[in-house]
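Colleague: Every letter in the sequence shown is one number past the one before it in our numbering, and letter 41, counting from 1, is 34.
The beta-carbon is built from N, C-alpha and C at its ideal position, and this holds for glycine as well.
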Amino acid sequence: MQKDRLEVARLGVANNKNQQGFSLMELLAAMVIFLIVTASVWSLMEITRKSRTTTSERTELMKTIRAGFTQIGRDAFNAGYAYPVTTPVLLPDNKISGLIGVPNDFDTTRDTVPPVIAGRQITTNSFTGNKTDQVTFFYNDQTYNQDGSGVSQPLSISAPTIAAGATTYDSVTTSSSTSGLKVNDIVLLTGNTSNAIAVITNLVAGSPNSIRFGTGDVLGVNTPGTGSGNPLVNITGSCTLRRVVMVTYRVKSDGTLVRTVHGNDATVTVAAPSKDQPLVYNVEDMSVEYVLDNGTVSVNPTAGTDNTVGTADDIPSNSYKVRQVRVTLTVRSNQKDQKNQPYKLTMSSIFNTRNLGYSAA
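1) What are the complete beta strand (DSSP E) segments, minimum 3 residues, inside the stretch 69 to 128?
2) Determine the direct distance from the alpha carbon of T154 to that of T167, and round the result to whole angstroms.
3) Quick check: the stretch 60 to 74 against the stretch 332 to 347, are at least 3 beta-carbon pairs closer than 8 angstroms?
4) Between which residues of its own chain and S352 is the CB-CB distance below 8 angstroms, once the five residues before and five after are set aside?
5) Just how far apart, CA to CA, sit L212 and L174?
6) For Q64, which three-state DSSP category applies?
7) Counting only the same chain and skipping the five closest in sequence on each side, list residues whose C-beta sits under 8 angstroms from that of G303.
8) Just the C-alpha distance for A354 and S49, rounded to the nearest angstrom, thanks.
9) I need the DSSP call for I228, collapsed to helix, strand or coil.
10) Would the beta-carbon of Q127 fall within 7 angstroms of that of T249?
11) Does the beta-carbon of M55 have 16 or more other beta-carbons within 10 angstroms, so that it is buried, or is it exposed?
12) Is the stretch 169 to 187 touching the stretch 197 to 217, taking contact as three or more C-beta pairs under 8 angstroms?
13) Quick check on S119: buried or exposed, where buried means 16 or more other Cβ atoms within 10 Å of its Cβ?
14) For D278, which residues does DSSP report across the bridge?
15) Checking the sheet assignment: what are the DSSP bridge partners for D140?
16) Would the stretch 256 to 274 count as touching the stretch 223 to 235 if we require 3 or more Cβ pairs under 8 angstroms?
17) Using the Cβ count rule (16 or more neighbours within 10 Å means buried), how would you classify T253?
18) Along the chain, where does the beta strand (DSSP E) containing Y336 start, and where does it finish?
19) Express the C-alpha separation of P271 and L181 in angstroms, rounding to a whole number.
20) Quick one: residues in its chain with C-beta nearer than 8 angstroms to the C-beta of S246, no 5 flanking neighbours on either side, listed in chain order?
21) Are the beta-carbon atoms belonging to M340 and T125 less than 7 angstroms from one another?
22) Three-state secondary structure (DSSP) at V261?
23) Quick check on A296: buried or exposed, where buried means 16 or more other Cβ atoms within 10 Å of its Cβ?
24) Count the other C-beta atoms from every protein chain shown that fall within 10 angstroms of the C-beta of N333, then say buried if there are 16 or more, exposed otherwise.
25) By alpha-carbon positions, which one of G61, I29 and L21 ends up nearest to V320?
26) Keeping to the same chain, check which residues put their C-beta closer than 6 angstroms to that of V281; ignore five residues upstream and five downstream.
27) Use the C-beta contact count for F27: other C-beta atoms within 10 angstroms, 16 or more gives buried, fewer gives exposed.
28) Where does A23 fall in DSSP's three states?
29) Less than 7 angstroms between the C-beta atoms of N123 and A75, yes or no?
30) Mind checking which residues open and close the beta strand (DSSP E) that includes G150?
31) Which term fits G94, buried or exposed, when burial requires 16 or more other beta carbons within 10 angstroms of its beta carbon?
32) Does the separation of the CB atoms of T105 and P81 fall below 7 angstroms?
33) How would you label L349, buried or exposed, when you count the other beta carbons within 10 angstroms and need 16 or more for buried?
34) Is DSSP giving L17 helix, strand or coil here?
35) Could you tell me which residues DSSP pairs with D330 in its beta bridges?
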């Protein structure tokens, strides 16, 4: 019996030895391994999160810029549609330059209005302090006076009348309906030897109908009466009338890229002759380049060798030679990266000015 008790005690001691816990060193080693694995997994997850955030922000910026490019591309594509390119379109001196904020030309003669007007470094950007470019397009409004096939047709004008005196109206008459026209519409009058842009100030129904162009129009381009300053005096006999779209793409000082539509709206006024359609927000820069018919790339086609608009070596006719417009936008996000800097994306796109032709003159 005593022997059995001793054996049980011996076995109990052995079992107690086998049931001892981990040592401190073993616990420390396990904790270190756990921390290393956890840190590795967390780092991988953080990298994935940052990458996903960056990709998401870039995707949103890309969508935003592409939406802006889509609209610019449509107007660039239409630039010059049904617009005279062989005989100049005339306006009184420096009327358009003041309207869109580009430098005046160097002379005092009547201006020619090309389908594309470049604006180099016009508006100061509040984000960067740098100046952004702009571009203006002219083309026939394809929604006006459509025929059965949906094609815009010019209005036949039978009797242009140039009234004498500085305060009277110049007017044209037509037997066709003028119901598609409205006050403040920009129209292009095309004669046999001359073209002119004017803004409608009054419509008088009758037999025939009368379309009048008086002083005080919303764009300030009309110059009624006789005299060399009035482009309408050169249009005699029968002519045609088309409504013209005039749009400017520019970045406002707050970084908003807008499509500015000039005139063609009965609600605009002399104080506010244009309306802005916001396209892209938080734009840091917009630069525009022009490819001419000989392959030359220019930031301002009309600038001469001194690269300055408004000097005697300017070449206005170069605006008619534009064949492509290259637009580059840099846009920032409202979100910031790990360095507390806003996400940014720069994209460029090239637009063909289809209606200006492709072969060198």
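Modeller: If we stick to the structure as given:
1) Runs found: 82 to 84 and 109 to 117.
2) The alpha-carbon atoms of T167 and T154 are separated by roughly 12 angstroms.
3) Contact holds between the stretch 332 to 347 and the stretch 60 to 74, because three or more Cβ pairs, one in each stretch, are under 8 angstroms apart.
4) In this prediction, S352 has a pLDDT of 38, which is less than 50 and means its spatial position is unreliable; what the coordinates show is noted afterwards. So the list reads D286, once near-sequence residues are dropped.
5) In a straight line, the C-alpha of L212 is about 17 angstroms away from that of L174.
6) Helix.
7) P96, N97, D98 and F99.
8) Interpretation of A354 is limited by its pLDDT of 34, a score under 50 that renders its predicted location unreliable; no figure is taken from the coordinates.
9) Coil.
10) With respect to the 7 angstroms criterion, Q127 and T249 are not classified as neighbours on the basis of their beta carbons.
11) The residue in question, M55, is exposed, as its Cβ has fewer than 16 Cβ neighbours within 10 Å.
12) Result yes; three or more Cβ-Cβ pairs closer than 8 angstroms.
13) Looking at its Cβ environment, which holds fewer than 16 other Cβ atoms inside 10 Å, S119 is exposed.
14) Answer is T323, bridged to D278.
15) In the DSSP output, where bridge partners are listed per residue, D140 has none listed.
16) Per the Cβ contact rule, the stretch 256 to 274 is not in contact with the stretch 223 to 235 (fewer than 3 Cβ pairs under 8 angstroms).
17) Answer is buried; the Cβ neighbour count reaches 16.
18) Y336 -> beta strand (DSSP E) spans P335 to N345.
19) Cα to Cα, L181 sits roughly 27 angstroms from P271.
20) For S246, the CB contacts under 8 angstroms within the same chain, skipping 5 residues up- and downstream, are T116, T117, N118 and S119 in chain order.
21) When the beta-carbon positions are compared, M340 and T125 stay at least 7 angstroms from each other.
22) Annotated three-state conformation of V261 is coil, per DSSP.
23) That one is buried.
24) Under this definition N333 is an exposed residue.
25) With respect to the C-alpha of V320, the residue from G61, I29 and L21 having the closest C-alpha is G61.
26) Cβ neighbours of V281 beyond the five flanking positions: D126, V128 and V320.
27) The residue is exposed, with fewer than 16 neighbouring Cβ atoms inside 10 Å.
28) When secondary structure is reduced to three states using DSSP, A23 falls in the helix class.
29) No; because the gap between Cβ atoms is not below 7 angstroms, this pair is not in contact.
30) Reading off the sequence, residue 150 comes out as Ile, not Gly. L148 to I150 is the extent of the beta strand (DSSP E) around I150.
31) Its Cβ having fewer than 16 others within 10 Å, G94 is exposed.
32) The answer is yes: Cβ separation under 7 angstroms.
33) So L349 counts as buried.
34) Annotated three-state conformation of L17 is helix, per DSSP.
35) In DSSP, D330 forms no bridge with anything.
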